[in-house]
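Line by line, the protein sequences give chains F and S. According to the working numbering, the stretch in the first sequence is residues 8 to 119, in order. According to the working numbering, the stretch in the second sequence is residues 359 to 472, in order. Here is the structure we will look at, set down as C-alpha cells.
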Amino acid sequence: DGGITQSPKYLFRKEGQNVTLSCEQNLNHDAMYWYRQDPGQGLRLIYYSQIVNDFQKGDIAEGYSVSREKKESFPLTVTSAQKNPTAFYLCASSGQESTEAFFGQGTRLTVV
Amino acid sequence: DAKTTQPTSMDCAEGRAANLPCNHSTISGNEYVYWYRQIHSQGPQYIIHGLKNNETNEMASLIITEDRKSSTLILPHATLRDTAVYYCIVRVAPHQTGANNLFFGTGTRLTVIP
Chain F
8 DGGITQSPKY
18 LFRKEGQNVT
28 LSCEQNLNHD
38 AMYWYRQDPG
48 QGLRLIYYSQ
58 IVNDFQKGDI
68 AEGYSVSREK
78 KESFPLTVTS
88 AQKNPTAFYL
98 CASSGQESTE
108 AFFGQGTRLT
118 VV
Chain S
359 DAKTTQPTSM
369 DCAEGRAANL
379 PCNHSTISGN
389 EYVYWYRQIH
399 SQGPQYIIHG
409 LKNNETNEMA
419 SLIITEDRKS
429 STLILPHATL
439 RDTAVYYCIV
449 RVAPHQTGAN
459 NLFFGTGTRL
469 TVIP
C-alpha cells in the first residue's frame, strides 16, 4: 500500500532534549518537505529536499535539522535550540510524475 | 511567502454550493493553482489544480479568471464532511525548476451548517 508515513502520531519530550520525527515514503518521490502547524494557523515550511543528500531551508528552519540519506526517508530533528517546539508537524512528498503533494498524517509533539 | 490571499472563514448551508475565492495577483505564467483541504488534525488532502482552463473532478470544480489573478473553488453540494480548512497555493509543475517550494498560507476555514 503506497503512501507516506509519519511516526509516532503523538510524542512527548522534556524541554532541552532533542527529538527526531520520522517520515518515510514508498512513492518513489524525489521531493520531500517538513511543515509546522500551530493551533489555528496555516502550514509553515521548515525544510525541503529535492533529491538525496540535498536539502534547503524553508521559512522557519532555525532550531531544526534534517538529513536525506535515502530517497525514502527524510527525518526531522527538533533540537533544544527551538524555542517553541510544541506543534503539529507534517511531512509531505511529491514526484515529477505526480501533480500533487502527498501528506502524512502528522506528528503532534508536546514538549513539557 | 504564500503568494495567495483567502478569506479567513466562510459558512455554507448543507446541500448548497460552497464557493471559495482565492487571489493570486502575482502568479507567474508557469505557475499552477492548487487547492488542498485539511480536516482537523489530519494531513492536507489534494483537491484539484489548474493552469488557466477551468477544471472539474469528482470532488470540486476550479474556475480561474482569464487574467489568472484569482480563482474560485466550487463544492457543488456541500456536506457536513466538507467542513475543513481549504488552502489555495500556487506552484510550478513538479517537473519544472523551483517546483519544490510548496508555500501554504492560513487558508479558509469552511463550516458547513446543517
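Every residue gets a Cβ at the ideal spot worked out from N, C-alpha and C, and that includes glycine. Being a predicted model, the structure only gives us computed values, none of them experimental.
Open item on the list: Quick check: is the beta carbon of F:A94 nearer than 8 Å to any beta carbon in chain S?
Closed with: Judged by the 8 Å Cβ criterion, F:A94 is not in contact with chain S.
Open item on the list: So F:Y17 contacts chain S; which residues on that side make the cut at Cβ distance below 8 Å?
Closed with: What F:Y17 touches in chain S: nothing, since even the nearest Cβ is about 11 Å away.
Task: Integer-rounded CB distance, given that F:Y54 should sit under 8 Å from F:Q63 - done: Indeed they touch by this definition, with Cβ atoms about 7 Å apart.
TODO: Using the DSSP secondary-structure output, state which residues sit across from S:G387 in a beta bridge.
DONE: In the DSSP output, where bridge partners are listed per residue, S:G387 has none listed.
Open item on the list: Does S:D359 come out as helix, strand or coil in the three-state DSSP assignment?
Closed with: Because the pLDDT of S:D359 is 46, which lies under 50, any placement of that residue in the model is unreliable, and the number read from its coordinates should be weighed accordingly. Residue state, collapsed to three classes: coil.
- [ ] Give me the Cα-Cα distance between S:C370 and S:N377, rounded to the nearest whole angstrom.
- [x] Rounded to whole angstroms, the gap between the alpha carbons of S:C370 and S:N377 is 9 Å.
Open item on the list: Based on DSSP bridge pairs, tell me the residues matched to S:P379.
Closed with: Looking at the DSSP assignment, S:P379 forms a beta bridge with S:T430.
Open item on the list: Suppose you measure from the CA of F:R115 to the CA of F:C98; what does that come to, to the nearest Å?
Closed with: Those two C-alpha atoms are separated by around 12 Å.
Task: C-alpha distance - S:H407 paired with S:L460, whole-angstrom precision - done: Cα-Cα distance, rounded: 14 Å.
TODO: Would you kindly check if the distance between the Cβ of S:T466 and the Cβ of S:V443 is under 8 Å?
DONE: Closer than 8 Å, so yes.
Open item on the list: Please list, in chain order, the chain F residues whose beta carbon lies closer than 9 Å to that of S:Y445.
Closed with: What S:Y445 touches in chain F: G49, L50.
- [ ] Round the Cβ separation of F:G2 and F:Q13 to the nearest angstrom and send it over; I've been treating them as touching at under 8 Å.
- [x] In the structure as shown, chain F starts at 8 and stops at 119, and residue 2 of chain F therefore has no counterpart that could be examined.
- [ ] Consider the Cβ of F:F62: report whether some Cβ of chain S lies at a distance smaller than 8 Å.
- [x] Not closer than 8 Å to any Cβ of chain S, the Cβ of F:F62 fails to qualify, so no.
TODO: Assign S:K410 to buried or exposed, taking buried as 16 or more other Cβ atoms, counted over all protein chains shown, within 10 Å of its Cβ.
DONE: Classification for S:K410: exposed.
Task: Alpha carbon of F:F95 to alpha carbon of F:R75, nearest angstrom - done: Looking at the two C-alpha atoms, the distance is approximately 21 Å.
Task: Distance between S:D440 and S:C446 (C-alpha atoms, nearest Å) - done: A direct Cα-to-Cα measurement between S:C446 and S:D440 gives close to 16 Å.
- [ ] Indicate the three-state DSSP secondary structure (helix, strand or coil) for F:D37 in the structure shown.
- [x] Of the three classes helix, strand and coil, the one that applies to F:D37 here is coil, per DSSP.
Task: Distance, F:A88 Cα to F:L18 Cα - done: For F:L18 and F:A88, the distance between alpha carbons rounds to 18 Å.
TODO: State the start and end residues of the unbroken beta strand (DSSP E) segment that holds F:T114.
DONE: Judged by DSSP secondary structure, F:T114 falls within the beta strand (DSSP E) whose first and last residues are 114 to 118.
TODO: Put S:R449 into one of helix, strand or coil per three-state DSSP.
DONE: It is a strand residue.
Open item on the list: Quick check on F:R43: buried or exposed, where buried means 16 or more other Cβ atoms within 10 Å of its Cβ?
Closed with: So F:R43 counts as buried.
TODO: Please confirm if S:L409 has its CB atom under 8 Å from at least one CB of chain F.
DONE: By this cut-off, S:L409 is not an interface position.
Open item on the list: Can you pull out the residues from the region 382 to 399 of chain S whose beta carbon lies closer than 9 Å to at least one beta carbon of chain F?
Closed with: Cβ contacts with chain F come from Y390, Y392, Y394, Q396, S399.
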